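Residue numbers (my numbering): 308 to 421. Here the structure comes first, spelled out in structure tokens, and everything after it is commentary.
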């Protein structure tokens, strides 16, 4: 995932939290904020220390990024997404993570119809 596709600054995170809408399932909470004149989506990740040690947290982040790369063509491009991992996310493998992310994005209605 390229640097320009990531939400990095605290002020950008706060904008998404305050102005965006949140959607959740058991593993993830996703905040979505529409941005005008944005060619590709940006994602920000938040995996807290309660979820596990550093290795586990980094693995969850990798799984989320890879899931977004694979869903790139189906996800709306004019949005900022902030994904917060919950405790149950630590027990998932990649395919379960991708399914869970897909589920939350469908709830949020940001997936393109096939």
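We treat Cβ as the ideally placed atom computed from N, Cα and C, and that holds for glycine. Quick caveat: nothing in here was measured; it's all calculated off a predicted structure.
Asked                                                                                                            : Found
Sufficient close CB pairs (3 or more, under 8 Å) joining the region 357-372 to the region 411-419                : no
Span of the beta strand (DSSP E) around residue 313                                                              : Element bounds for residue 313: n/a, residue is neither H nor E.
Three or more C-beta pairs below 8 Å linking the region 385-402 and the region 332-339                           : yes
Limits of the alpha helix (DSSP H) - the one that residue 376 falls within                                       : 361-377
Whole-number beta carbon distance between residue 367 and residue 415, since they are thought to touch under 8 Å : About 19 Å; that fails the 8 Å criterion.
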